[in-house]
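Going by our numbering, 261 is the number at position 253 of the sequence shown; the sequence numbering is gapless.
Even glycine gets a Cβ: it sits at the ideal position worked out from N, Cα and C.
The block underneath contains the structure these notes are about, expressed in structure tokens.
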Amino acid sequence: MLYEKLSSEEIDAIAQRIRSYGAASDYNCDADFYSGELNMPHILRVWNEQKDHYLAKLFNGELILSKHVSVTKTTEMMMEELDSAVCGWGCPESKFMSAAHELMYSNIWDSFISDKFRQLINTKNIVKNYYDGETFELPLPNGKALKIIHGCKIMKQLSKIAAAYNLPRFEEFRIAHSMVLNQRNLTGELCLSIHPLDYITMSDNDCGWDSCMSWEQNGDYRMGTVEMMNSPCVVVAYLKSEHDFDVSGIQWNSKKWRELFVVTKDVIVGILGYPYHNDGLVDECIGWLKNLAQNAGLGEYCDDIYTIEQNRKVFVKELNNSVRFDFNTNCMYNDFRDEHRCYISKTAEEYTEICYSGPTECMFCGDLIKYSHDDNMLICDECDESERCDCCGNRCSGDYRVVLEGGEIVCRDCYDEHCCECALTGEIMPYHNMTPIYLASAKDKVSKNAPNIQVNSDLIESDDFQKMFGKPYILVSEHLYWAPTKYVLYEECTEAGLEKFDTCSENDRAWFTANF
Numbered sequence: 009m010l011y012e013k014l015s016s017e018e019i020d021a022i023a024q025r026i027r028s029y030g031a032a033s034d035y036n037c038d039a040d041f042y043s044g045e046l047n048m049p050h051i052l053r054v055w056n057e058q059k060d061h062y063l064a065k066l067f068n069g070e071l072i073l074s075k076h077v078s079v080t081k082t083t084e085m086m087m088e089e090l091d092s093a094v095c096g097w098g099c100p101e102s103k104f105m106s107a108a109h110e111l112m113y114s115n116i117w118d119s120f121i122s123d124k125f126r127q128l129i130n131t132k133n134i135v136k137n138y139y140d141g142e143t144f145e146l147p148l149p150n151g152k153a154l155k156i157i158h159g160c161k162i163m164k165q166l167s168k169i170a171a172a173y174n175l176p177r178f179e180e181f182r183i184a185h186s187m188v189l190n191q192r193n194l195t196g197e198l199c200l201s202i203h204p205l206d207y208i209t210m211s212d213n214d215c216g217w218d219s220c221m222s223w224e225q226n227g228d229y230r231m232g233t234v235e236m237m238n239s240p241c242v243v244v245a246y247l248k249s250e251h252d253f254d255v256s257g258i259q260w261n262s263k264k265w266r267e268l269f270v271v272t273k274d275v276i277v278g279i280l281g282y283p284y285h286n287d288g289l290v291d292e293c294i295g296w297l298k299n300l301a302q303n304a305g306l307g308e309y310c311d312d313i314y315t316i317e318q319n320r321k322v323f324v325k326e327l328n329n330s331v332r333f334d335f336n337t338n339c340m341y342n343d344f345r346d347e348h349r350c351y352i353s354k355t356a357e358e359y360t361e362i363c364y365s366g367p368t369e370c371m372f373c374g375d376l377i378k379y380s381h382d383d384n385m386l387i388c389d390e391c392d393e394s395e396r397c398d399c400c401g402n403r404c405s406g407d408y409r410v411v412l413e414g415g416e417i418v419c420r421d422c423y424d425e426h427c428c429e430c431a432l433t434g435e436i437m438p439y440h441n442m443t444p445i446y447l448a449s450a451k452d453k454v455s456k457n458a459p460n461i462q463v464n465s466d467l468i469e470s471d472d473f474q475k476m477f478g479k480p481y482i483l484v485s486e487h488l489y490w491a492p493t494k495y496v497l498y499e500e501c502t503e504a505g506l507e508k509f510d511t512c513s514e515n516d517r518a519w520f521t522a523n524f
């Protein structure tokens with residue numbers, strides 16, 4: 009059994025991770041939410057059953073495989089690294105780029121020069137250190153001009169521009185640029201894993217990135233990590249950081265790159281890399297998985313790498329036929345988008361549907377969840393002690409939960425954005441329980457700029473309302489056709505009623521006189 013390969017420290021870390029983040033909902037994350045005993049053999053039984061067949065054979069009984077790799081970074085990866093290095097708030101390197109953009113928008117040049125300068129400081133061109141635009145002359149403060157030639161080295165020209173215009177921190181920017189370019193070869197320890205902790209932490213790390221699968225950041229699709237952990241065909245691949253990070257008391261692999269791979273007898277394919285895409289790493293992984301599968305006698309695959317798209321045909325020359333694959337999920341966010349590199353089986357059918365989600369499971373009690381489930385929750389409704397917001401429907405608990413005077417429960421976001429005070433009673437209520445009341449000085453003549461208040465819909469026909477505001481009239485107005493509501497007449501309101509509209513001043517009375 010795979011479960012027996014987990015150390016007691018790893019099992020304890022998984023249990024503590026579940027206690028800390030299992031019930032975290034929206035922005036309410038209580039690290040001590042669940043203190044009860046967790047039946048870990050029962051909770052991890054689904055992972056054990058699903059992985060213990062095909063993928064356990066592929067891994068020859070191991071949970072993590074690793075090897076040293078060296079691949080070349082793509083331009084997109086280096087662009088992201090340069091942006092991270094020079095765009096952070098307060099970092100010295102960012103001051104040069106900020107000053108360069110301010111110079112571009114200062115209107116000291118005509119539109120042609122500004123457009124060419126924009127092309128010069130484009131991140132992609134800076135990473136390539138190659139200006140591929142039209143030759144032009146950039147005016148300098150001393151009255152001379154700097155000729156920017158097509159094909160020139162951008163950093164050399166930026167050095168001259170920075171000196172001429174006294175742009176700050178160019179040297180720090182140059183060093184950051186040099187470090188990115190000098191580290192274009194990506195080296196490290198590449199891992200393939202079916203270990204539960206690698207699914208649980210697949211978007212948690214100390215490398216500065218996360219995704220909607222993050223447990224720590226309350227990702228919107230956290231249940232997807234459980235479905236991937238329980239999937240019979242999904243492997244986690246990642247490039248290890250030089251330093252591990254703390255995962256509930258133990259040091260664990262921090263992932264500076266991660267991608268999920270679907271491995272079946274029909275296809276071996278990468279899904280989507282985080283936080284960047286790299287064909288070199290993808291090819292390393294699918295080639296490695298192909299060899300593992302064929303060596304274990306689990307399938308035979310074509311020699312060539314093909315690029316497939318979701319549910320679209322691709323011609324496979326070894327099969328002399330076109331095939332298509334339809335990938336889908338349950339709670340897991342489906343990351344199949346544009347193009348995905350893969351190895352296709354020599355026995356692939358013309359059409360293959362693959363649901364790569366495993367069983368959806370409650371991380372507290374271990375029961376399977378067979379009904380519609382909140383994708384950001386890791387536990388079932390029976391184990392969840394939080395309640396639903398009456399406005400948005402999301403779960404809320406603790407300080408993130410607000411109980412209104414009428415008994416409605418709302419989350420903190422909806423309280424701040426979708427609730428207001430009833431002008432008649434002062435009670436805070438959701439907008440959907442309110443009716444806007446406009447102020448008019450003649451029937452059926454209501455301006456869209458007229459003052460308005462919100463009143464509890466149940467009280468509009470009450471004596472208390474009519475004593476203060478007079479009779480409410482149904483509003484039919486070309487100005488406010490999108491919001492069927494009601495209005496009251498200025499002449500019928502008491503002074504206390506007018507105060508609710510803040511229209512007691514002489515200026516407000518003059519406004520009504522002028523408009524009606």
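Test item: CB-CB of residue i and residue j under 8 Å
{"i": "I156", "j": "L128", "result": "yes"}
{"i": "V271", "j": "L66", "result": "yes"}
{"i": "L205", "j": "I22", "result": "yes"}
{"i": "C370", "j": "C350", "result": "no"}
{"i": "V410", "j": "P438", "result": "no"}
{"i": "S211", "j": "Y282", "result": "yes"}
{"i": "M85", "j": "Y284", "result": "yes"}
{"i": "L146", "j": "F120", "result": "no"}
{"i": "F344", "j": "V275", "result": "no"}
{"i": "N7", "j": "T368", "result": "A query on residue 7 cannot be resolved here, the shown segment of the chain reaching from 9 to 524 and no further."}
{"i": "I208", "j": "M237", "result": "yes"}
{"i": "S78", "j": "N193", "result": "yes"}
{"i": "N137", "j": "M163", "result": "yes"}
{"i": "G257", "j": "D91", "result": "no"}
{"i": "K479", "j": "A431", "result": "no"}
Pairwise C-alpha distance: residue j and residue i
{"i": "H76", "j": "T195", "result": "7 Å"}
{"i": "Y446", "j": "D471", "result": "18 Å"}
{"i": "L297", "j": "L198", "result": "12 Å"}
{"i": "Y481", "j": "G401", "result": "33 Å"}
{"i": "L506", "j": "L412", "result": "27 Å"}
{"i": "S15", "j": "L46", "result": "16 Å"}
{"i": "E435", "j": "P444", "result": "15 Å"}
{"i": "K168", "j": "M87", "result": "23 Å"}
{"i": "E393", "j": "Y29", "result": "14 Å"}
{"i": "L5", "j": "V496", "result": "Within the shown structure, residues of the chain are numbered from 9 to 524, placing residue 5 beyond reach of any answer."}
{"i": "L10", "j": "E429", "result": "58 Å"}
{"i": "H61", "j": "W55", "result": "11 Å"}
{"i": "I51", "j": "G374", "result": "4 Å"}
{"i": "E142", "j": "H158", "result": "6 Å"}
{"i": "N336", "j": "S122", "result": "47 Å"}
{"i": "M385", "j": "C397", "result": "15 Å"}
{"i": "A301", "j": "E390", "result": "40 Å"}
{"i": "A39", "j": "K263", "result": "Annotation note: pLDDT 41 at A39 (below 50); position unreliable, coordinate value reported separately. Cα-Cα distance, rounded: 23 Å."}
{"i": "T355", "j": "K273", "result": "8 Å"}
{"i": "E70", "j": "N190", "result": "36 Å"}
{"i": "D346", "j": "Y139", "result": "30 Å"}
{"i": "A458", "j": "M105", "result": "47 Å"}
{"i": "G151", "j": "K103", "result": "25 Å"}
{"i": "N328", "j": "V277", "result": "20 Å"}
{"i": "H348", "j": "T80", "result": "19 Å"}
{"i": "M476", "j": "G406", "result": "39 Å"}
Inter-residue CB distance, residue i and residue j (contact presumed, cutoff 8 Å)
{"i": "I202", "j": "V243", "result": "6 Å"}
{"i": "G331", "j": "E357", "result": "Per the sequence shown, the amino acid found at residue 331 is Val instead of Gly. Rounded, the Cβ-Cβ distance is 7 Å, consistent with contact."}
{"i": "Y408", "j": "C220", "result": "19 Å between Cβ atoms; not a contact."}
{"i": "L289", "j": "W265", "result": "6 Å"}
{"i": "L200", "j": "A172", "result": "With 8 Å as the limit, L200 and A172 do not qualify as a contact, their Cβ atoms being about 53 Å apart."}
DSSP bridge partner residues for residue i (one or two, in chain order)
{"i": "R409", "result": "C419"}
{"i": "W265", "result": "L247"}
{"i": "C293", "result": "DSSP, once it has assigned bridges, lists no residue as partnering C293."}
{"i": "E355", "result": "According to the sequence displayed, residue 355 carries Thr and not Glu. According to DSSP, which records beta bridges pairwise, T355 is partnered with nothing at all."}
{"i": "D91", "result": "BP columns for D91 are empty, so no partner."}
{"i": "L194", "result": "V79"}
{"i": "L497", "result": "A448"}
{"i": "K155", "result": "E145"}
{"i": "W117", "result": "None; W117 has no bridge partner."}
{"i": "E390", "result": "DSSP lists no partner for E390."}
Residue i at chain B interface by Cβ criterion, 8 Å
{"i": "E145", "result": "Note that chain B does not occur in the displayed structure, where there is just one protein chain."}
Handout entry: contact_flag[the region 249–269, the region 311–320] where n(CB pairs < 8 Å) is 3 or more
Key = no
Exercise for the section: Inspect the CB distances between the region 170–184 and the region 204–223 and report whether three or more fall short of 8 Å. Expected result: no
Practice task
Answer yes if the region 56–71 comes into contact with the region 303–313, meaning at least three C-beta pairs across the two stretches below 8 Å, and no otherwise.
Solution key: yes
Problem - Meets three-Cβ-pair contact criterion under 8 Å: the region 222–230 and the region 113–121 - result: no
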